[in-house]
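In the numbering used here, the protein residues as written are 130 to 423.
C-beta: ideal position from N, C-alpha, C; glycine also.
None of these values were measured; they are calculated from a predicted model.
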């Protein structure tokens, strides 16, 4: 995340210089997006550090959802930036002005785009590897910035070549629309996580395969399988049905064995197994939940 902050500072300086030299609202819109990137990187850095804290008395399940707050802040900031871009661009549609020193501005913006491309790719890869939504969101934000910058470069290049000055605010408005889409995606993903979404289907399938294998041992069954994710954390809940004449220790030992097997299939998951007698009607009070795969 510190890498993202450094990249944002460098690109802001380059893009602000390009906007100041040329007077282009296209370059200005690109610079405003980079300013959002800087604030988002700082918020993301805070979220990653908070999410890494262990559980405490006030947060028994840890702080993993802090990363969703980071993504929500990024999405909100993107909407603010888009509104500012539209506000500055619309007047230029009706009163276009020439762009000065376009060559220098294009050069500075190109350097900024290359910096964002390299850093964004690094962050996306790191976020996927560590299962950090905050790091991955920050990287994707930078890569979106690269796409935006390329569009601005093409647009300003055409303005410089053909003197199509009205194209400058049009490019800026397109930048605003593009980042609005990105902001919507981040807000939707953040809301899904904050609402306690279940783990991805492929991960849940791994858990169900473990349960299916346990069924082959006979005498036991499972139901009420639930899951949720909080950033990079995974929580698994399942009811283990055992014969009523089993001792508490025997059921407990099997529950521990099951937890270990699930952890092997889904490293880092926290598994909670509730042991119930298989023939007791009260054991099925949770059958409103979707059944496990046969």
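| Item | Value |
| --- | --- |
| Under the three-state DSSP convention, the category residue 410 falls into | helix |
| Cβ neighbour criterion (16 or more within 10 Å) applied to residue 306 | exposed |
| Where the beta strand (DSSP E) through residue 240 begins and ends | Element bounds for residue 240: not the beta strand (DSSP E) but the alpha helix (DSSP H), 231-259. |
| Residues of its chain near residue 192, where Cβ-Cβ distance is below 6 angstroms and the 5 sequence neighbours each way are ignored | 179, 180, 182 |
| Check: residue 187 C-beta below 7 angstroms from any heavy atom of the ligand GDP | This structure does not include the ligand GDP; it has no bound ligands of any sort. |
| Nearest-angstrom Cα separation, counted from residue 339 out to residue 390 | 7 angstroms |
| Collapsed DSSP secondary structure at residue 328 in the structure displayed | coil |
| Distance, residue 208 Cα to residue 176 Cα | 20 angstroms |
| Among 294, 259, 242, nearest to residue 270 - alpha-carbon criterion | 242 |
| Residue 226 (DSSP reduced to helix, strand or coil) | coil |
| Under the three-state DSSP convention, the category residue 182 falls into | coil |
| Residue-level contact to chain C via CB, residue 247, 8 angstroms cutoff | Structure shown: chain C not included; a single protein chain is present. |
| Residue 381 - containing alpha helix (DSSP H), residue span | 377-394 |
| Where the beta strand (DSSP E) through residue 350 begins and ends | 350-359 |
| Those residues which DSSP pairs with residue 156 across a bridge | Answer is none; residue 156 lacks a bridge partner. |
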